[in-house]
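Taking the numbering used here, the leading residue of the sequence shown gets 20, the next gets one more, and so forth.
Here the structure comes first, spelled out in structure tokens, and everything after it is commentary.
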Amino acid sequence: PIEIIGMPTTRETSGLALSSRNNYLSLEQKQQATILYQSLKNTVKTLEQDSNPIFSELEQVALKLISSAGLDPDYFSICNAKSLLPAKPGDKDLVLLVAANLENTRLIDNISIKLI
Numbered sequence: 020p021i022e023i024i025g026m027p028t029t030r031e032t033s034g035l036a037l038s039s040r041n042n043y044l045s046l047e048q049k050q051q052a053t054i055l056y057q058s059l060k061n062t063v064k065t066l067e068q069d070s071n072p073i074f075s076e077l078e079q080v081a082l083k084l085i086s087s088a089g090l091d092p093d094y095f096s097i098c099n100a101k102s103l104l105p106a107k108p109g110d111k112d113l114v115l116l117v118a119a120n121l122e123n124t125r126l127i128d129n130i131s132i133k134l135i
């Protein structure tokens with residue numbers, strides 16, 4: 020059995036998740052990388068406003084946003100927070116997961132949301 024104990028992500032004032040990998044980024048790249056958190060927040064906002072979201076469409080919108088900022092996205096996934104399996108209609112406890120490469124640096128981030 021595995022127990023996952025979540026903790027809030029510590030972030031720079033720009034929203035970029037703090038990570039030792041950020042040391043590989045220039046100041047310009049750090050600003051560019053903030054698109055990961057922006058894509059998570061945009062998706063959360065949509066999920067909160069849409070009573071019948073289509074998760075795959077929201078994932079594609081986020082991937083396009085990340086690509087348009089010059090990052091090479093690995094994935095953007097909306098998952099069930101307990102199982103980490105892809106979210107299904109009706110799931111209320113979600114985690115949004117994102118990974119992307121910026122030149123030689125792989126960046127990851129996530130955000131949890133409980134829908135009403």
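Cβ atoms here follow ideal geometry from the backbone N, Cα and C, with glycine treated the same way.
Note that the structure is a prediction, hence the values are computed from the model and not measured.
Where does residue i land, buried or exposed, given buried means 16+ other C-beta within 10 angstroms?
i, result
"Tyr56", "buried"
"Ser96", "buried"
"Pro27", "exposed"
"Pro92", "buried"
"Ser39", "exposed"
"Ile24", "exposed"
"Leu103", "exposed"
"Ile73", "exposed"
"Thr29", "exposed"
Would you mind reading off the limits of the beta strand (DSSP E) that contains residue i?
i, result
"Asn61", "Element bounds for Asn61: not the beta strand (DSSP E) but the alpha helix (DSSP H), 54-68."
"Ser96", "91-99"
"Ala119", "112-121"
"Leu77", "First-last for Leu77: 74-87, but that is the alpha helix (DSSP H), not the beta strand (DSSP E)."
"Ile130", "124-133"
Mind reading off the beta-carbon distance from residue i to residue j? Whole number of angstroms is fine, and I expect it under 8 Å.
i, j, result
"Ser131", "Ala100", "6 Å"
"Cys98", "Ala106", "6 Å"
"Ala52", "Leu126", "6 Å"
"Lys83", "Asp112", "At roughly 26 Å, the Cβ-Cβ gap does not stay under 8 Å, so Lys83 and Asp112 are not in contact."
"Ile85", "Ser58", "6 Å"
Mapping the DSSP letters down to three states, classify residue i as helix, strand or coil.
i, result
"Ser39", "helix"
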